[in-house]
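In my numbering, the protein residues as written are 7 to 235.
Using N, Cα and C, we set each Cβ at its ideal position, and we do this for glycine too.
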Amino acid sequence: MGLGSLAWPEVADRARWSVVAVPLGSTEQHGPHLPLSTDTDIAVALCARLEAEVPEVLAAPPICYGSSGEHRGFAGTLSIGQHALEAMLVELCRSADEFSGVMIVSTHGGNRETVERSVALLRSERRKVAAWFPRGGDPCDSHAGRVETSVQLALRPERVRRDRLATGDTRPLPDLMPVLRQGGVLAVSASGTLGDPVGSTSEIGQQMLQRWTDDLVEAVRREWEPALR
7 MGLGSLAWPE
17 VADRARWSVV
27 AVPLGSTEQH
37 GPHLPLSTDT
47 DIAVALCARL
57 EAEVPEVLAA
67 PPICYGSSGE
77 HRGFAGTLSI
87 GQHALEAMLV
97 ELCRSADEFS
107 GVMIVSTHGG
117 NRETVERSVA
127 LLRSERRKVA
137 AWFPRGGDPC
147 DSHAGRVETS
157 VQLALRPERV
167 RRDRLATGDT
177 RPLPDLMPVL
187 RQGGVLAVSA
197 SGTLGDPVGS
207 TSEIGQQMLQ
217 RWTDDLVEAV
227 RREWEPALR
């Protein structure tokens with residue numbers, strides 16, 4: 007259904023026992039083979055799956071821009087930075103007080119620190135807000151590699167440029183962080199890929215989506231079970 011498809015009286019009838027799931031992605035380069043919307047596509051898909059699994063959840067329209075400064079230098083990347091993102095998340099969640107709570111579903115790693123600061127502030131104001139991030143990633147496959155490519159193949163295969171698949175920098179992310187913090191992704195990968203998308207399949211993508219969905223459902227139930235019907 008989705009929050010955006012409802013009229014306000016329909017929301018009023020169920021707001022007090024509903025949790026709003028906010029898909030938070032980015033508009034940034036994902037190698038030469040994936041669309042700029044990849045993070046947002048994944049966040050939207052996970053929130054839709056969460057809504058289907060948990061009747062008390064309403065999936066909100068997505069936030070398509072995040073903190074993506076590390077991808078500067080690649081055409082099409084649009085970033086609003088940490089301060090603007092934090093302000094937006096805080097004010098957005100403050101406006102949702104009529105709901106049981108807000109779950110921010112963030113699928114861009116560069117948003118994590120900002121999201122965690124926002125959640126900490128909101129919780130200090132006694133607001134019921136939580137955040138979820140994908141877990142279990144391979145440190146050698148951190149951006150536009152096998153996982154993200156496989157997930158996009160499972161979601162919208164026509165958007166994957168299969169003829170442009172190419173291995174990027176496959177060193178573990180912790181080893182790359184000093185250079186990334188100083189010079190961004192472009193300093194270590196001319197293609198923008200950190201990992202190897204070759205061998206990606208929709209089957210791998212479906213398995214990853216299911217794993218993330220299960221984890222997200224568990225996180226919501228753990229956080230809000232007493233308040234849900």
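Measuring alpha carbon to alpha carbon, tell me which residue in the options is nearest residue i.
| i | options | result |
| --- | --- | --- |
| F139 | V185, S73, H114 and L127 | H114 |
| R78 | D202, G205 and S32 | S32 |
| P61 | C53, L159 and P67 | C53 |
| S106 | V17, L182 and D181 | V17 |
| A102 | L42, V135, A58 and R187 | V135 |
| G143 | S130, I110, A137 and V157 | V157 |
| R55 | V111, L42, P163 and D19 | V111 |
| C70 | L84, Q212 and E59 | L84 |
| H149 | P163, L127, E97 and V191 | V191 |
| R228 | L42, M109 and N117 | M109 |
| G189 | E97, L12, F80 and N117 | F80 |
| Q35 | A137, L159 and G116 | G116 |
| R141 | L159, L128, R118 and D19 | R118 |
| P163 | P41, A193 and L186 | P41 |
How about residue i and residue j: do their beta carbons lie closer than 8 Å?
| i | j | result |
| --- | --- | --- |
| L64 | V26 | yes |
| L161 | A51 | yes |
| G198 | G37 | yes |
| G205 | D147 | no |
| P184 | P145 | no |
| G82 | S73 | no |
| R22 | E104 | yes |
| H39 | P203 | yes |
| P68 | T46 | yes |
| V153 | M94 | no |
| E57 | M7 | yes |
| A90 | L9 | no |
Just how far apart, CA to CA, sit residue i and residue j?
| i | j | result |
| --- | --- | --- |
| L222 | E209 | 20 Å |
| R133 | C99 | 8 Å |
| S195 | D175 | 6 Å |
| G151 | S124 | 29 Å |
| R217 | T155 | 16 Å |
| V28 | R167 | 28 Å |
| W14 | W230 | 23 Å |
| E92 | E224 | 26 Å |
| S130 | D220 | 28 Å |
| R165 | A126 | 36 Å |
| S24 | V226 | 11 Å |
Going by DSSP in three states, residue i sits in which element: helix, strand or coil?
| i | result |
| --- | --- |
| A136 | strand |
| T83 | coil |
| G72 | strand |
| H36 | strand |
| L200 | strand |
| L91 | helix |
| L64 | strand |
| A193 | helix |
| L186 | helix |
| A18 | helix |
| L171 | coil |
| A13 | coil |
| V125 | helix |
| V226 | helix |
| A102 | coil |
| E154 | helix |
| D220 | helix |
| E164 | helix |
Based on the DSSP secondary-structure assignment, which residues constitute the bridge partners of residue i?
| i | result |
| --- | --- |
| P29 | V111 |
| H149 | L200 |
Would you verify that the beta carbon of residue i is, or is not, closer than 8 Å to some beta carbon of chain C?
| i | result |
| --- | --- |
| G151 | Any reference to chain C falls outside this structure, which holds one protein chain only. |
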